[in-house]
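*Asks:*
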Amino acid sequence: MLDSLSEPMRMLVTRLAVLAAGVLLGAAPYALGLAGPLAVPLAAVAAVVAGEIYFLVAGDGSG
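Structure representation (structure tokens):
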């Protein structure tokens, strides 16, 4: 599916997927009562930062 998208759209979709994964990683401990409500946004931000570092190292071509 990603092959049919333009490069900017492909990067947008992958970045949204990273954000969604971060939200899910933060929501799981919150739903289980293991963490407070700040777990969700903190995990989302951490996932975005880690994803951006990965894209920078992998050389996504966006600069």
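Residue numbers (UniProt numbering): 1 to 63. By construction, the Cβ of each residue, glycine as well, lies at the ideal position given by its N, Cα and C atoms.
Leu5 to Ala43, Cα distance in whole Å?
*Replies:* Here residue 5 is taken as the residue at index 5 of the sequence shown, counted from 1. Here residue 43 is taken as the residue at index 43 of the sequence shown, counted from 1. In a straight line, the C-alpha of Leu5 is about 28 Å away from that of Ala43.
*Asks:* Does DSSP put Gly51 in a helix, a strand or coil?
*Replies:* Taking the first residue of the sequence shown as position 1, residue 51 is located at position 51. Helix.
*Asks:* Put Pro41 into one of helix, strand or coil per three-state DSSP.
*Replies:* Along the sequence shown, read from residue 1 onward, the residue named residue 41 stands at position 41. Helix, per DSSP.
*Asks:* Going by C-alpha distance, which of Ala20, Gly36 and Arg15 is nearest Leu56?
*Replies:* In the sequence shown, counting from the first residue as 1, residue 56 sits at position 56. Per the Cα distances, Arg15.
*Asks:* Let me see if you follow: with CB-CB separation under 7 Å, is Ala27 close to chain E or not?
*Replies:* You won't find chain E in this structure, because it holds only one protein chain.
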